[in-house]
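**Student:** I'd like to ask some things about the structure below.
Number of protein chains: 2
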Amino acid sequence: MRNFVLRNFQCLSFLSRKALFRSILKNHVRNVGFGLERKHKSYSTLNQDPKAASVYTHKNAEVSFTADKYLNLKRNPNFSELTQEDITFFQSVLPSNNIIVGNEDDLLPYNIDWMRKYRGKSKLIVRPKTTKQISEILKYCNDRRLAVVPQGGNTGLVGGGVPVFDEIVISTNNLNKIRSFDHLSGSLICDGGCILENLDNYLAEKGFMMPLDLGAKGSCQIGGNVATNAGGLRLLRYGSLHGSVLGLEVVLPDGTVLDNLVTLRKDNTGYDIKQLFIGSEGTLGIIAGVSIQTPRKPKAVNVVLLGSNSFEKVQETFIRAKDELTEILSAFEFWDANSVKLIQAHIVQGSKFPLDTNYPFYILIEVSGSNKVHNDEKLSSFLENLLENQIVGDGVVAQDETQAKVIWAIREGIPEACNKAGSVYKYDLSMPLECMYKLVEDLRRKLMDAGVYGKDLPINNVIGFGHIGDGNLHLNVSAQNYTPEITALIEPWIYEWTEKHNGSISAEHGLGLMKAEYLRYSKSSSMINIMKKIKKELDPNGIMNPYKFLPD
Amino acid sequence: MRNFVLRNFQCLSFLSRKALFRSILKNHVRNVGFGLERKHKSYSTLNQDPKAASVYTHKNAEVSFTADKYLNLKRNPNFSELTQEDITFFQSVLPSNNIIVGNEDDLLPYNIDWMRKYRGKSKLIVRPKTTKQISEILKYCNDRRLAVVPQGGNTGLVGGGVPVFDEIVISTNNLNKIRSFDHLSGSLICDGGCILENLDNYLAEKGFMMPLDLGAKGSCQIGGNVATNAGGLRLLRYGSLHGSVLGLEVVLPDGTVLDNLVTLRKDNTGYDIKQLFIGSEGTLGIIAGVSIQTPRKPKAVNVVLLGSNSFEKVQETFIRAKDELTEILSAFEFWDANSVKLIQAHIVQGSKFPLDTNYPFYILIEVSGSNKVHNDEKLSSFLENLLENQIVGDGVVAQDETQAKVIWAIREGIPEACNKAGSVYKYDLSMPLECMYKLVEDLRRKLMDAGVYGKDLPINNVIGFGHIGDGNLHLNVSAQNYTPEITALIEPWIYEWTEKHNGSISAEHGLGLMKAEYLRYSKSSSMINIMKKIKKELDPNGIMNPYKFLPD
Chain A
1 MRNFVLRNFQ CLSFLSRKAL FRSILKNHVR NVGFGLERKH KSYSTLNQDP
51 KAASVYTHKN AEVSFTADKY LNLKRNPNFS ELTQEDITFF QSVLPSNNII
101 VGNEDDLLPY NIDWMRKYRG KSKLIVRPKT TKQISEILKY CNDRRLAVVP
151 QGGNTGLVGG GVPVFDEIVI STNNLNKIRS FDHLSGSLIC DGGCILENLD
201 NYLAEKGFMM PLDLGAKGSC QIGGNVATNA GGLRLLRYGS LHGSVLGLEV
251 VLPDGTVLDN LVTLRKDNTG YDIKQLFIGS EGTLGIIAGV SIQTPRKPKA
301 VNVVLLGSNS FEKVQETFIR AKDELTEILS AFEFWDANSV KLIQAHIVQG
351 SKFPLDTNYP FYILIEVSGS NKVHNDEKLS SFLENLLENQ IVGDGVVAQD
401 ETQAKVIWAI REGIPEACNK AGSVYKYDLS MPLECMYKLV EDLRRKLMDA
451 GVYGKDLPIN NVIGFGHIGD GNLHLNVSAQ NYTPEITALI EPWIYEWTEK
501 HNGSISAEHG LGLMKAEYLR YSKSSSMINI MKKIKKELDP NGIMNPYKFL
551 PD
Chain B
1 MRNFVLRNFQ CLSFLSRKAL FRSILKNHVR NVGFGLERKH KSYSTLNQDP
51 KAASVYTHKN AEVSFTADKY LNLKRNPNFS ELTQEDITFF QSVLPSNNII
101 VGNEDDLLPY NIDWMRKYRG KSKLIVRPKT TKQISEILKY CNDRRLAVVP
151 QGGNTGLVGG GVPVFDEIVI STNNLNKIRS FDHLSGSLIC DGGCILENLD
201 NYLAEKGFMM PLDLGAKGSC QIGGNVATNA GGLRLLRYGS LHGSVLGLEV
251 VLPDGTVLDN LVTLRKDNTG YDIKQLFIGS EGTLGIIAGV SIQTPRKPKA
301 VNVVLLGSNS FEKVQETFIR AKDELTEILS AFEFWDANSV KLIQAHIVQG
351 SKFPLDTNYP FYILIEVSGS NKVHNDEKLS SFLENLLENQ IVGDGVVAQD
401 ETQAKVIWAI REGIPEACNK AGSVYKYDLS MPLECMYKLV EDLRRKLMDA
451 GVYGKDLPIN NVIGFGHIGD GNLHLNVSAQ NYTPEITALI EPWIYEWTEK
501 HNGSISAEHG LGLMKAEYLR YSKSSSMINI MKKIKKELDP NGIMNPYKFL
551 PD
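Quick mapping for you: the protein sequence lines, in order, are chains A and B. Once you know that position 105 of the first sequence is 105 in UniProt numbering, the rest is easy, because the numbers rise by one and skip nothing. Once you know that position 227 of the second sequence is 227 in UniProt numbering, the rest is easy, because the numbers rise by one and skip nothing.
Below, the structure written as structure tokens:
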């Protein structure tokens with residue numbers, strides 16, 4: 001932003017502050033901490049090259065089985081057990097390199113989620129390349145009552161994409177073709193297994209972008225994104241997948257292929273069946289193809305980091321951003337002072353934070369649009385108003401793309417910093433904005449009153465951060481260890497609190513295994529009743545991703 | 001637009017051209033032709049004051065019964081017939097002024113759609129004021145097997161909102177309270193019977209707007225908008241209701257109230273059941289309450305009218321508009337030369353069209369955003385590029401809100417002009433943009449070849465207009481009279497053509513009675529099969545809006 005002068009705002013000069021940011025840049029990337037990114041990538045590699053797996057399987061073998069941790073879960077005896085005859089059938093459908101069977105090391109990456117929190121006991125992984133193969137596999141499994149787990153990039157956070165017992169994993173890794181792109185309408189049709197980042201790169205060359213962006217973009221697959229109704233960083237601007245997905249190709253448990261890969265923005269012909277699969281977490285069918293509306297890639301993007309003295313001021317900043325930046329506002333994120341302490345302790349040790357003073361809250365605002373000069377003028381006027389009215393204390397504006405990435409890296413380094421600090425209890429909640437941070441404060445007080453929160457105590461930190469623009473709070477509790485006592489202090493209290501404040505117990509992560517039994521805190525029994533009817537109607541044998549999503 | 005100079009562009013000076021536009025302004029309003037508007041209003045008035053009905057009922061009485069025109073439709077004998085005991089029950093639930101029974105004149109406005117094309121034979125209208133009353137009414141009807149038709153503003157175009165036989169009409173006219181508005185998140189909660197324009201006016205005072213806009217806004221109700229997944233003029237910018245509706249309160253046929261009136265932008269807890277009701281056209285339940293995400297009202301809006309020499313150039317203009325106007329583009333409409341002839345013949349006789357030269361195609365572009373100077377600069381640069389590259393021939397830019405309304409009035413006067421020209425066969429289709437206008441040309445050729453299209457022939461005009469931004473074509477055929485021969489020439493040919501080009505036979509009007517039997521042209525048998533399962537599951541007795549929506 002040339003000639004951009006604001007009294008209190010420091011214009012980050014990348015050259016002079018390079019050293020300061022080097023360590024941040026070294027440890028972070030735009031989308032997720034390098035550590036996580038590496039783990040993701042390694043899974044992909046493992047799938048291709050079983051020999052490379054040995055280094056990782058050693059560590060993976062330490063992860064305990066889900067079935068040993070969730071003692072209330074029992075294998076459904078209605079499901080058949082895998083036989084040699086079954087394997088022979090799958091071998092008739094798929095070439096041998098697309099079937100993994102027998103070798104524990106090769107099976108392991110598909111049995112364990114990337115958080116290494118859940119571990120199943122699947123004995124067979126099938127990796128179809130075509131919709132027809134998925135159809136043949138599912139029809140067979142349905143007829144034989146063999147339970148299955150659809151698995152995309154295996155980047156989920158609630159244990160939804162890995163087996164619990166011996167469910168067959170149907171991996172969509174091999175479904176990775178872009179089928180068509182229409183530059184006139186911006187509609188993209190691709191296989192469900194295409195990696196989000198690959199799609200975004202493909203579109204970038206054509207001046208378009210994916211309407212969603214999330215930390216796991218380097219590994220997560222569009223079919224999995226749709227199946228989990230992934231939210232992420234661009235929802236504020238481009239809306240949810242319920243609005244941007246135009247059509248789906250879904251294989252039902254009985255092998256029926258629902259072909260609804262239309263590219264139409266308007267289509268009022270009957271119930272919008274595809275919506276049922278958006279957010280169904282693999283419990284109704286497998287998403288083999290996706291048609292999605294993609295927006296133009298903005299020609300200019302800028303990012304600003306602000307320090308704020310109260311959560312009320314954060315909200316006021318948001319109202320003004322909506323009012324003054326309106327059509328160019330593309331992200332509005334926040335985090336608290338405790339998050340910064342974690343970042344400083346575990347990610348950028350010894351480095352100075354971009355803002356000189358400490359604030360209880362920090363705000364990241366991203367603007368993007370078709371004209372850099374116009375964006376900068378709007379942003380400049382907006383920031384001046386904030387300062388004049390003492391709504392924020394201080395701030396920095398990125399001077400180029402690299403600096404913008406640095407500011408984003410702070411926000412996106414928080415989960416990683418938290419992971420490094422200890423065992424993390426992760427909660428992903430949405431609620432009306434005005435009460436969002438009260439939950440963090442109430443939980444801190446509760447844990448202090450219980451005598452477990454503080455220096456050298458079982459819980460060393462409780463942090464709040466997330467997407468202000470979507471009312472989506474990520475609340476992380478950093479503990480020395482996972483213990484039943486701590487769990488019992490937090491749950492179901494945190495869900496009850498959320499229910500009382502008209503919130504959702506899962507804003508964007510989904511239900512998976514982790515939250516299935518807590519669904520009642522966000523949905524009435526009548527709603528759950530209809531969900532169960534739909535599940536029964538589409539998957540009468542219950543073979544699709546069992547033990548998860550819906551309560552018994 | 002101050003200091004806005006373009007070589008070929010005429011800057012409309014309202015003062016000097018006042019006389020020219022006066023007649024257009026006189027005959028049009030922003031949202032719909034005055035004639036239609038009056039009809040809508042009169043229905044509302046009629047509902048309040050039965051005495052005022054006499055003038056209209058005289059004309060309405062001439063409309064023939066749907067049952068006499070659609071001879072394949074037979075009253076379902078499983079449905080009970082209304083008894084005095086039933087009426088006594090409804091009188092116990094509702095005050096007497098919310099029940100209409102017996103008087104034919106009073107029943108008539110609810111039995112006839114506003115196009116005066118469909119006419120039912122209902123003997124009872126109930127007008128509940130609360131969700132609880134709807135629940136009691138529906139439960140009773142379900143137990144007694146009394147068929148019902150939910151009716152909102154009665155502005156539908158496919159006969160979905162009026163009875164066919166003696167179905168009881170459940171009108172939502174009395175459900176008209178705004179329940180809450182959160183200026184922080186922009187979420188509005190209101191009764192399903194709130195009139196769209198009233199909601200928009202309410203929000204305008206707070207600096208917000210409804211994310212949808214359509215011709216019937218003065219009469220249509222938000223519950224009906226949701227039930228029909230109304231598209232309209234703002235979809236290009238703000239997306240469909242599948243994205244902007246946050247939650248619904250729906251009464252199921254058995255009286256169950258599905259309470260899902262959340263105001264959360266992110267909520268991944270289970271299947272997104274509310275989506276099923278968006279576009280269900282009253283066949284699954286009654287929408288008693290709506291929670292919707294509302295965007296900021298733009299501070300500056302401008303409109304431009306362009307003349308284009310080919311449909312290819314129209315498409316090129318659209319690509320450039322997406323590329324250069326991107327985040328401020330809020331409408332991109334088109335119409336053909338034949339549409340203008342109709343406008344000139346029937347709406348603004350003797351008046352000069354704003355552009356001096358005739359073009360085969362016309363384009364309306366609306367831009368809106370938070371900063372007038374920025375909008376104007378983007379628009380100016382965009383228009384200069386169009387002229388320099390000879391992509392458009394000529395154009396005018398509105399100089400103020402009144403002129404903007406005049407340009408909009410031309411676009412929105414087309415359906416009315418067509419109605420005045422004769423009996424109109426209306427088609428509402430969506431398809432890939434590149435083949436959109438080919439359908440109009442192919443149909444003209446087909447009708448010419450059949451010897452029915454031309455001066456003094458049965459068909460006097462075939463026009464194409466619509467929403468380029470959404471790939472949504474409105475194709476109107478203006479005939480001397482409705483005849484089975486003409487119908488047979490057009491249908492199902494037009495649906496087959498649309499199917500062949502991967503289009504939808506109903507972009508935004510819905511299926512209703514008109515298109516139920518043609519659903520197969522847009523949806524596979526597997527999709528229709530699932531729709532039927534869902535219908536059966538939620539409305540096992542089939543009492544909700546029978547004879548429509550799904551084929552037998």
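Glycine included, C-beta positions come from ideal geometry on N, C-alpha and C. These numbers were taken from a predicted model, which means no experiment stands behind them.
Give me, in chain order, the residues of the same chain whose beta-carbon lies closer than 8 Å to that of B:Asn229; leave out the 5 immediate sequence neighbours on both sides.
**Tutor:** Ser240, Leu241, His242, Ile278, Gly279, Glu508 and Gly510
**Student:** Would you check if the region 325-342 of chain B and the region 363-374 of chain A touch, i.e. whether three or more CB-CB distances between them fall below 8 Å?
**Tutor:** yes
**Student:** Could you run through the region 324-354 of chain B and flag, in chain order, every residue whose CB is less than 8 Å away from some CB of chain A?
**Tutor:** Correct list: Glu324, Leu325, Thr326, Glu327 and Ile328.
**Student:** Measuring alpha carbon to alpha carbon, tell me which of A:Pro211, A:Asn481, A:Lys132 and A:Gly464 ends up nearest A:Leu188.
**Tutor:** Comparing Cα-Cα distances from A:Leu188 to each of A:Pro211, A:Asn481, A:Lys132 and A:Gly464, the minimum goes to A:Pro211.
**Student:** Which ranges would you report for the alpha helix (DSSP H) in the region 245-317 of chain A if only whole runs of at least 4 residues count?
**Tutor:** The region 245-317 of chain A contains, as complete alpha helix (DSSP H) runs of 4+ residues, the segments 274-277 (chain order).
**Student:** Which class does A:Ile391 belong to by DSSP, given the choice of helix, strand or coil?
**Tutor:** coil
**Student:** Determine, using beta carbons only, whether B:Phe353 and B:Asn309 come nearer to each other than 9 Å.
**Tutor:** no
**Student:** If we ignore side chains and look at the alpha-carbon of each, how far apart do B:Phe65 and B:Gly153 end up?
**Tutor:** Taking the straight line from one Cα to the other gives about 20 Å.
**Student:** Hey, would you say B:Gly102 sits closer than 9 Å to B:Ile112, going by beta carbons?
**Tutor:** no
**Student:** May I have the straight-line CA-CA distance separating A:Ala398 from A:Gly159, to the nearest angstrom?
**Tutor:** 37 Å
**Student:** Quick check: what's the CA-CA separation for B:Phe181 versus A:Asn198?
**Tutor:** Between the C-alpha atoms of B:Phe181 and A:Asn198 there is a straight-line separation of about 40 Å.
**Student:** Who are the near neighbours of A:Lys426 in its chain, counting only those whose CB is closer than 6 Å to its CB and skipping five residues on each side?
**Tutor:** Within the same chain, Cβ atoms closer than 6 Å to the Cβ of A:Lys426 are found at Asn476, the five residues on either side in sequence being excluded.
**Student:** Is A:Leu107 closer than 9 Å to B:Leu433 when the C-beta atoms are compared?
**Tutor:** Their beta carbons are not under 9 Å apart, which means B:Leu433 does not touch A:Leu107 by this criterion.
**Student:** Counting only the same chain and skipping the five closest in sequence on each side, list residues whose C-beta sits under 6 Å from that of A:Glu136.
**Tutor:** Closer than 6 Å at the Cβ level, and outside the excluded window around A:Glu136, lie Val93.
**Student:** Can you tell me which of B:Ser96, B:Ile170, B:Asn174 and B:Phe90 puts its alpha carbon nearest to the alpha carbon of B:Ile286?
**Tutor:** Measuring C-alpha to C-alpha distances from B:Ile286 to each of B:Ser96, B:Ile170, B:Asn174 and B:Phe90 identifies B:Ile170 as the nearest.
**Student:** With distances taken between CB atoms, is the gap from A:Leu429 to A:Leu355 smaller than 9 Å?
**Tutor:** no
**Student:** From B:Ile410 to B:Asp552, what distance separates their C-alpha atoms?
**Tutor:** 41 Å
**Student:** Give the interface partners of B:Asn472 over in chain A, defined as CB-CB distance under 8 Å, in chain order.
**Tutor:** Arg265 and Lys266
**Student:** Taking a cut of 7 Å between CB atoms, which residues from the region 245-265 of chain A lie near chain B?
**Tutor:** Those would be Thr256, Leu258, Asp259, Asn260, Val262, Thr263, Leu264 and Arg265, in chain order.
**Student:** For chain B, is any of its Cβ atoms less than 9 Å away from the one on A:Phe465?
**Tutor:** no
**Student:** How would you call A:Lys217, buried or exposed, if buried means at least 16 neighbouring beta carbons within 10 angstroms?
**Tutor:** buried
**Student:** Assign B:Asp336 to one of three DSSP states: helix, strand, or coil.
**Tutor:** strand
**Student:** Which residues, in order along the region 80-113 of chain A, keep a beta-carbon less than 9 Å from a beta-carbon of chain B?
**Tutor:** Within the region 80-113 of chain A, no residue has a Cβ that lies closer than 9 Å to any Cβ of chain B.
**Student:** By DSSP's criteria, B:Lys426 is part of a beta bridge. Which residues make up the other side?
**Tutor:** B:Asn476
**Student:** Straight-line CA distance for A:His474 to B:Leu233?
**Tutor:** Cα to Cα, the separation comes out at about 36 Å.
**Student:** Using 9 Å as the threshold, is the C-beta distance between B:Ala227 and B:Pro128 below it?
**Tutor:** no
**Student:** Helix, strand or coil for A:Leu36 per DSSP?
**Tutor:** Its pLDDT being 26, under 50, A:Leu36 is placed unreliably by the model, and nothing is read from it.
**Student:** Could you list which residues in chain A have their beta carbon closer than 7 Å to that of B:Tyr427, in chain order?
**Tutor:** Result: empty, since nearest Cβ-Cβ is about 13 Å, beyond 7 Å.
**Student:** Taking 9 Å as the CB-CB cut-off, is A:Asp449 touching chain B?
**Tutor:** No, because no Cβ of chain B sits closer than 9 Å to the Cβ of A:Asp449.
**Student:** Regarding A:Leu325 and the ligand NAD, is the C-beta to nearest heavy atom distance less than 8 Å?
**Tutor:** As for the ligand NAD, it is missing from this structure, which has no ligand bound.
**Student:** Cα separation between B:Asn268 and A:Gln293?
**Tutor:** Cα-Cα distance, rounded: 21 Å.
**Student:** Anyone know if the C-beta pair for A:Gln403 and A:Val301 falls short of 9 Å?
**Tutor:** no
**Student:** In three-state DSSP terms, what is B:Phe465?
**Tutor:** It is a strand residue.
**Student:** Say whether chain B places a C-beta atom closer than 9 Å to the C-beta of A:Ala288.
**Tutor:** At a cut-off of 9 Å between beta carbons, A:Ala288 makes no contact with chain B.
**Student:** Return the chain-ordered list of same chain residues with a C-beta closer than 7 Å to the C-beta of B:Gln133, the five sequence neighbours on each side being excluded.
**Tutor:** Val93 and Leu94
**Student:** What first and last residue would you give for the alpha helix (DSSP H) that runs through A:Gln84?
**Tutor:** Unbroken alpha helix (DSSP H) run through A:Gln84: Gln84 to Val93.
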